[in-house]
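Heads up: the sequence shown at position 112 corresponds to 242 in the working numbering, and the numbers run straight through without jumps.
Note that beta-carbon positions come from the ideal geometry of N, C-alpha and C, so glycine has one too.
The structure under discussion appears below in the form of structure tokens.
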Amino acid sequence: MKSLSLLLAVALGLATAVSAGPAVIECWFVEDTSGKGLAKRPGALLLRQGQGEPPPRPDLDPELYLNVHVVLTVLTHTPAPRVRLGQDALLDLSFAYMPPTSEAASSLAAGPPPFGLEWRRQHLGKGHLLLAATPGLNGQMPAAQEGAVAFAAWDDDEPWGPWTGNGTFWLPRVQPFQEGTYLATIHLPYLQGQVTLELAVYKPPKVSLMPATLAWAAPGEAPPELLCLVSHFYPPGGLEVEWELRGGPGGRSQKAEGQRWLSALRHHSDGSVSLSGHLQPPPVTTEQHGARYACRIHHPSLPASGRSAEVTLEVAGLSGPSLEDSIGLFLSAFLLLGLFKALGWAAVYLSTCKDSKKVHCSTSLYLSLVTLSPHPISKPMEGGCWCGRQNLGLEFTLIWVKTWHYILTVGLFVHAT
């Protein structure tokens, strides 16, 4: 009887479908030969005979050609599911039941038998019952854990079988503590079948490099320390950080030199982790101008090529001014030109106002103030000239108003172009 149980267990692991006609599963009969080791002989299980006599098997010992009258098959199409951190997990499970021969089944009630379903998780040496379901007995079952749901039902209603069922398991918003070995068990009267699934949780890392675009250094000096941020990934193990120098002397890529180290892991509320890789490059040469430092990471959640970010090395004195530099120089030149014109106006004005009897002084100043001053004055002061010592503040006010008027005019022109 022990041998039959062993062979039946092997059959459960190999059977994948229920179909009409004879069904034979090849197996091995293993026994202990009284301290001389294990002996292995070929055998076969006849799960379903079909019409007529069993298929002949002259190649087998008749004692090892066994006719099995009742078969329960439990299987999954996803034995090793991988689920992204925070997403839902769907663990596939189906089962099939082949009742006894039609003569024996005719004395039983029509339709599939009642069944029970259990989903358990084993992780780090601990086991947890997540869900137990028996259709028709929901009120007597323990409550499901962690929001788990199972689709437990027979899929068809043939009166005499065979029957197939569904026990697919759904787990919402998977977290790292929920990965591990999941055991799905189907219970029938006097029969039990089980299948094992290995659930893995993953999250690909993001990579960024600081400084973000350019790293400046003078010939013979070391560039600033490069910081490679590897953020929000899972699992923590299996991460590799590589530094490359691309487009250096000869135009080839090579392993970057310099001191390198990794920071400690930083844990986040969703279960993911982050760390940073550091590189202090050696002093640069003029031949390295335009080369690119790249940080490449490898992780089990990424393709074999990994993921990378890079920064361009600029050697001081070997590159022309950029567009931003040219615009800055253009604006600076106009500002200086405006300042020189303001000083010129001030010199001409002060020299002209030495003769307080000259009428054109008062006229030009009065017209200037009427045009530019926020508070126009209706008439000139005594003597027809604005150049008295007591009006010194007013003179400088006029100078600055004309200066900023010129600067704003130039600025608007540059902006429009």
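Check whether residue i and residue j have beta carbons under 7 Å apart
i	j	result
Phe281	Leu221	no
Val304	Val331	yes
Cys358	Leu339	yes
Thr442	Pro349	no
Pro289	Ala226	no
Ala169	Glu161	yes
Arg376	Arg422	yes
Leu196	Phe159	no
Thr315	Glu248	yes
His428	Ser402	no
Val414	Ala342	no
Leu313	Ala219	no
Leu254	Tyr364	no
Pro319	Pro243	yes
Ala424	Ser435	no
Val371	Pro335	no
Exposed unless 16 or more other CB atoms sit within 10 angstroms - verdict on residue i
i	result
Lys333	buried
Trp373	buried
Arg396	exposed
Pro188	exposed
Leu497	Low confidence applies here, because Leu497 scores a pLDDT of 41, under 50, leaving its location unreliable; read the following figure in that light. The residue in question, Leu497, is exposed, as its Cβ has fewer than 16 Cβ neighbours within 10 Å.
Gln275	exposed
Glu351	exposed
Ser393	exposed
Trp391	exposed
Gly153	Checking the sequence shown, residue 153 turns out to be Ala, not Gly. Flag for Ala153 reads buried.
Leu267	exposed
Asn184	Per the sequence shown, the amino acid found at residue 184 is Pro instead of Asn. So Pro184 ends up on the exposed side.
Gly173	buried
Arg171	exposed
Gly291	buried
The beta strand (DSSP E) enclosing residue i, as first and last residue numbers
i	result
Ala386	Counting along the chain, Ala386 falls outside any beta strand (DSSP E), and DSSP gives it neither H nor E.
Arg212	212-214
Lys333	Careful: Lys333 lies outside any beta strand (DSSP E) and carries neither H nor E.
Met271	That residue, Met271, is in no beta strand (DSSP E); it is neither H nor E in DSSP.
Glu183	That residue, Glu183, is in no beta strand (DSSP E); it is neither H nor E in DSSP.
Gly350	Taken as a continuous stretch (DSSP letters only), Gly350 belongs to no beta strand (DSSP E), as it is neither H nor E.
Tyr195	195-197
His419	Neither: His419 is in no beta strand (DSSP E) and is coded neither H nor E.
Gly377	It is not in any beta strand (DSSP E) - Gly377 carries neither H nor E in the DSSP assignment.
Ala253	Note that residue 253 is His in the sequence shown, not Ala. Counting along the chain, the beta strand (DSSP E) containing His253 begins and ends at 246-253.
His207	No beta strand (DSSP E) contains His207, which DSSP labels as neither H nor E.
Trp300	293-301
Asp162	153-162
Residues of its chain near residue i, where Cβ-Cβ distance is below 6 Å and the 5 sequence neighbours each way are ignored
i	result
Val201	Leu177, Met228
Gln410	Glu355, Gly388, Gln389
Pro430	Gly368
Ala569	Here the chain comprises residues numbered 131 to 547, so residue 569 is not present and cannot be evaluated.
Gly103	In the structure as shown, the chain starts at 131 and stops at 547, and residue 103 therefore has no counterpart that could be examined.
Glu309	Leu329, Ala330, Val331
Neighbourhood of residue i by C-beta distance below 7 Å, restricted to the same chain and skipping five residues each side
i	result
Met271	Ala262, Ala263, Thr264
His317	Phe245, Gly246
Pro113	In this structure the chain extends from 131 to 547, so residue 113 is not present and cannot be described.
Asp400	Leu215, Gly216
Beta-carbon proximity list for residue i, same chain, < 8 Å, skipping 5 on both sides
i	result
Ala551	This structure gives no information on residue 551, because the portion of the chain shown stretches from 131 to 547.
Pro412	Ala352, Glu387, Gly388
Touch test, the segment 310-329 against the segment 203-214, Cβ-Cβ under 8 Å, three pairs minimum: The answer is yes - the segment 203-214 touches the segment 310-329, with three or more Cβ pairs under 8 Å.
Contact between the segment 403-412 and the segment 301-319 (3+ Cβ pairs under 8 Å): The segment 403-412 is not in contact with the segment 301-319.
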